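Residue numbers (the numbering used here), protein chains in the order written: chain Y, 462 to 559; chain B, 100 to 757.
Glycine is no exception: its CB is placed at the ideal position from the N, C-alpha and C atoms.
Note that the coordinates shown come from a computational prediction; the quantities given were computed from them, not determined experimentally.
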Amino acid sequence: MLLEPSLAVSAILFSLGVVGVLLRRNAIVIFMCIELMLNAVNLTFVALSQQIGLDGQVFVFFVMTVAAAEAAVGLAIVIALYRHRDTVNLQSINLLRG
Amino acid sequence: MNPLAGTAVDWVGLAILLPFAGFLVNGALAFLRPKAKRTVSIIGVGSVAAAFVVAVAVYLAVRAAHPDAPYVRTLWSWIPVGDLSVSAALQVDQLSVVMLLVVTGVSSLIHLFSVGYMHDDPGYARYFAYLNLFVAFMLVLVLGASFPVMFIGWEGVGLCSYLLIGFWFEEKEKADAGLKAFLVNRIGDVGFLIAMFLIFSHLGTLDFRETFARAPQGLTAGGGAVTAIALFLFMGCVGKSAQIPLYVWLPDAMAGPTPVSALIHAATMVTAGVYLVARTNLLFAMAPVASAVVAGVGALTALFAATIGLKQWDIKKVLAYSTVSQLGYMFVGVGVGAYAAGIFHLVTHAFFKALLFLGAGSVIHVMHRAHHQSHRHADAQDMRNMGGLAAYMPWTARMMWVATLAIAGIPPLAGFFSKDEILGAAFARGASQPFYLIVWLFGIAAAFLTAFYMARLMLYTFHGPNRTGDLERPHLAEAPWVMTGPLVVLAALTILGGALNLPHVETLHRWLEPLTAQGAAFLPALAPSTGVEVTLMVAAALIGIAGLWLATRILKPETLVPPERAPQETGFAKLLLEKYRVDELYDRFILRPLVWFSRVVLWKGLDAGVIDTAGVNGSAALARGLGWIGSRLQSGQVGTYVVFFVLGAVVVLAALLK
Numbered sequence: 462m463l464l465e466p467s468l469a470v471s472a473i474l475f476s477l478g479v480v481g482v483l484l485r486r487n488a489i490v491i492f493m494c495i496e497l498m499l500n501a502v503n504l505t506f507v508a509l510s511q512q513i514g515l516d517g518q519v520f521v522f523f524v525m526t527v528a529a530a531e532a533a534v535g536l537a538i539v540i541a542l543y544r545h546r547d548t549v550n551l552q553s554i555n556l557l558r559g
Numbered sequence: 100m101n102p103l104a105g106t107a108v109d110w111v112g113l114a115i116l117l118p119f120a121g122f123l124v125n126g127a128l129a130f131l132r133p134k135a136k137r138t139v140s141i142i143g144v145g146s147v148a149a150a151f152v153v154a155v156a157v158y159l160a161v162r163a164a165h166p167d168a169p170y171v172r173t174l175w176s177w178i179p180v181g182d183l184s185v186s187a188a189l190q191v192d193q194l195s196v197v198m199l200l201v202v203t204g205v206s207s208l209i210h211l212f213s214v215g216y217m218h219d220d221p222g223y224a225r226y227f228a229y230l231n232l233f234v235a236f237m238l239v240l241v242l243g244a245s246f247p248v249m250f251i252g253w254e255g256v257g258l259c260s261y262l263l264i265g266f267w268f269e270e271k272e273k274a275d276a277g278l279k280a281f282l283v284n285r286i287g288d289v290g291f292l293i294a295m296f297l298i299f300s301h302l303g304t305l306d307f308r309e310t311f312a313r314a315p316q317g318l319t320a321g322g323g324a325v326t327a328i329a330l331f332l333f334m335g336c337v338g339k340s341a342q343i344p345l346y347v348w349l350p351d352a353m354a355g356p357t358p359v360s361a362l363i364h365a366a367t368m369v370t371a372g373v374y375l376v377a378r379t380n381l382l383f384a385m386a387p388v389a390s391a392v393v394a395g396v397g398a399l400t401a402l403f404a405a406t407i408g409l410k411q412w413d414i415k416k417v418l419a420y421s422t423v424s425q426l427g428y429m430f431v432g433v434g435v436g437a438y439a440a441g442i443f444h445l446v447t448h449a450f451f452k453a454l455l456f457l458g459a460g461s462v463i464h465v466m467h468r469a470h471h472q473s474h475r476h477a478d479a480q481d482m483r484n485m486g487g488l489a490a491y492m493p494w495t496a497r498m499m500w501v502a503t504l505a506i507a508g509i510p511p512l513a514g515f516f517s518k519d520e521i522l523g524a525a526f527a528r529g530a531s532q533p534f535y536l537i538v539w540l541f542g543i544a545a546a547f548l549t550a551f552y553m554a555r556l557m558l559y560t561f562h563g564p565n566r567t568g569d570l571e572r573p574h575l576a577e578a579p580w581v582m583t584g585p586l587v588v589l590a591a592l593t594i595l596g597g598a599l600n601l602p603h604v605e606t607l608h609r610w611l612e613p614l615t616a617q618g619a620a621f622l623p624a625l626a627p628s629t630g631v632e633v634t635l636m637v638a639a640a641l642i643g644i645a646g647l648w649l650a651t652r653i654l655k656p657e658t659l660v661p662p663e664r665a666p667q668e669t670g671f672a673k674l675l676l677e678k679y680r681v682d683e684l685y686d687r688f689i690l691r692p693l694v695w696f697s698r699v700v701l702w703k704g705l706d707a708g709v710i711d712t713a714g715v716n717g718s719a720a721l722a723r724g725l726g727w728i729g730s731r732l733q734s735g736q737v738g739t740y741v742v743f744f745v746l747g748a749v750v751v752l753a754a755l756l757k
């Protein structure tokens, strides 16, 4: 029964992801941090499914599927961005400033 | 069931519709066929004459039935709002019939006169359109069965007055005179409106019959409410009927064509105030203080305007101040509670003052024609350019002498009886209230001055040597029959008009009794002894004769010189010539402060300062500032958005977990 350690690891991973999104400037890195947060959530689902049922495990598959699709779209956007602006640094991308 | 139902009275609306139709047709002709003078004359005169026929039929029906209660013909529901319900309704009773006859009768004659007077005017069709519209509105005024309907007529005649004073609007001073009349009348109209609001708030109705039925219970006699109502109504009368302090517009109104002065500014419209007081006689009888104000203002105006009339040179200005003065007499009459006497003087005055104005119009017409022939640019209305005209236009001179004797109060002409009756009533009231003795004295003094200035007008215009100039003299001739004809008819009415209400016969008094009886209960009985009455009559006649005699003795038409060479007047005469400088006084103390206030406080201060700066520009600045703050949030940096997003998520989580 590794519930509490599992949840603790999940929380740490999620926090790392949040901090990464907030602090890093590189779009690829931010993207990877988002994946990190998704996987932290996946870990929570799996850990809690021991008590609640298999629904959590099923849900993880959905999240992984969507994450894969999201990775495809996200990476495509990053590539398009790089082609137009020669950079993936988000600080220098501010066309929508008010 | 009123005995008048089903008689000719049901058709009384035609009297309004016919002149209105005349207005529409003539108005259309003014645009489409301005040269079709014959058609315009037939429609213009015919529609009013037809209205007179309707009026006679209505009069005969009323005379046959002589109902105690007014007959109200409701046409449609006009303003049904909450507790207020006003119908477009016409009221026929003894008072409105008298007015109906006078208005349509005198109008017919003046329309006919206008055919000659305005014959060469390019605005002929427009003139008749306005004049017909005036008659229609005047009839709405006298026939209206409630205050709002009457007010429609009241404002309508004001509009027509404005249009006709400024008829020759190419000349700025004439357009200004129209504007002045319109604006001064607005001041009085505010009073009329406030009076209506007060009547509605106290009695819950604006209908004449209902108002007078509820007034004895709903209002305390002599109380503040009824006094306020009566005074505000009188404020309306002061504007419309040119009493102190709002009389200033009437002398300027002489800028209009002379028949207009005869019809609107002497015979009918300006008497609307007297009619209003007589119509609401119950309210005035219940408010003795207001009645005293009416009589006091009337007496003061009668004397004040008569003194100005002494020194005017413009023939129409003399008659204008005379009208103001005579209107003052009428208000003395209705102010002392002699409502029938006031209406009696209104009727006789309509006859002899219309006659005087038309006679003056005839003189001006002939003078203009003579000046036109010799291309001279002298003032055709200045009496110093006239003189000795009786030899050239004998009919006009004779008819005007009839009117002069009537207005001077020489028996047995109409003016003698009506003026004497007013002064007699004032004297009788003076027995118990000395205030009315002063009113009577003012009236006597004004009567003397009236005789004097009228004799002066006649002497300078028609007698003495002719001053028109040698080139013009051969062109002086009597006016055409369309102009002298109405003069003769009006002169006949002036001679016979006194028979309407002879002392002790009192036909008009009894005729109006169903309408004045209710108010008479609140008034002290007036019954001067026969001895006093006869003494007063003799005194009144003697004063008139004295005025005429003095004028013939001290005025020397031979010494008059044309205005260019006239010597400067000095002292009091100068003050009279300058009309006590009342216009200048108003300009100085009312108009200029008002203009200053509007310009500096309202425009520069309130409008430009507060509304533009704080309101319009202020709200724009506020929106711009808020927008600027909002635009700072939108940095375009994904990082910033994420920070807010995370913070928001944390706040939501914290709220959920609590």
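So, helix, strand or coil for residue i, using DSSP?
{"i": "B:Gln316", "result": "helix"}
{"i": "B:Ser245", "result": "strand"}
{"i": "B:Gln190", "result": "strand"}
{"i": "B:Asn565", "result": "coil"}
{"i": "B:Asp682", "result": "helix"}
{"i": "Y:Asn487", "result": "strand"}
{"i": "B:Ser730", "result": "helix"}
{"i": "B:Asn101", "result": "coil"}
{"i": "B:Asn231", "result": "helix"}
{"i": "B:Ser184", "result": "strand"}
So residue i packs on residue j, CB below 8 Å; how close in whole Å?
{"i": "B:Leu512", "j": "B:Thr593", "result": "6 Å"}
{"i": "B:Trp412", "j": "B:Arg483", "result": "6 Å"}
{"i": "B:Trp253", "j": "B:Phe291", "result": "7 Å"}
{"i": "B:Val139", "j": "B:Leu131", "result": "At roughly 11 Å, the Cβ-Cβ gap does not stay under 8 Å, so B:Val139 and B:Leu131 are not in contact."}
{"i": "B:Phe551", "j": "B:Ala650", "result": "5 Å"}
{"i": "B:Val742", "j": "Y:Leu483", "result": "6 Å"}
{"i": "B:Met429", "j": "B:Thr503", "result": "Contact flag wrong, Cβ pair sits at about 19 Å."}
Against chain B, with Cβ distances strictly below 8 Å, would residue i count as a contact?
{"i": "Y:Leu556", "result": "yes"}
{"i": "Y:Val479", "result": "yes"}
{"i": "Y:Val482", "result": "yes"}
{"i": "Y:Gln511", "result": "no"}
{"i": "Y:Leu551", "result": "yes"}
Using the Cβ count rule (16 or more neighbours within 10 Å means buried), how would you classify residue i?
{"i": "Y:Gln552", "result": "exposed"}
{"i": "Y:Tyr543", "result": "exposed"}
{"i": "B:Lys136", "result": "buried"}
{"i": "B:Ile178", "result": "exposed"}
{"i": "B:Ser95", "result": "Outside the shown range of chain B (100 to 757) lies residue 95 of chain B, about which nothing can therefore be said."}
{"i": "B:Lys134", "result": "exposed"}
{"i": "B:His165", "result": "exposed"}
{"i": "B:Pro387", "result": "buried"}
{"i": "B:Arg652", "result": "exposed"}
{"i": "B:Thr567", "result": "buried"}
{"i": "B:His470", "result": "buried"}
{"i": "B:Glu520", "result": "buried"}
{"i": "Y:Leu474", "result": "buried"}
{"i": "B:Arg555", "result": "buried"}
{"i": "B:Leu240", "result": "buried"}
With respect to the beta strand (DSSP E) encompassing residue i, which residues constitute its N-terminal and C-terminal limits?
{"i": "B:Thr173", "result": "Tyr170 to Val180"}
Of all the CB atoms in chain Y, is at least one closer than 8 Å to the CB of residue i?
{"i": "B:Gly738", "result": "yes"}
{"i": "B:Leu734", "result": "As written in the sequence, residue 734 of chain B is Ser, which differs from the Leu given in the question. Yes, B:Ser734 lies at the interface with chain Y (some Cβ there is under 8 Å from its Cβ)."}
{"i": "B:Val742", "result": "yes"}
{"i": "B:Val700", "result": "no"}
{"i": "B:Val750", "result": "no"}
{"i": "B:Val745", "result": "yes"}
What first and last residue would you give for the alpha helix (DSSP H) that runs through residue i?
{"i": "B:His476", "result": "Unbroken run through B:His476: none, as it is neither H nor E."}
{"i": "B:Pro356", "result": "Counting along the chain, B:Pro356 falls outside any alpha helix (DSSP H), and DSSP gives it neither H nor E."}
{"i": "B:Lys134", "result": "Unbroken run through B:Lys134: none, as it is neither H nor E."}
{"i": "B:Gly303", "result": "Element bounds for B:Gly303: n/a, residue is neither H nor E."}
{"i": "B:Lys655", "result": "Careful: B:Lys655 lies outside any alpha helix (DSSP H) and carries neither H nor E."}
{"i": "Y:Thr526", "result": "Asp516 to Arg546"}
{"i": "B:Ala398", "result": "Pro387 to Gly408"}
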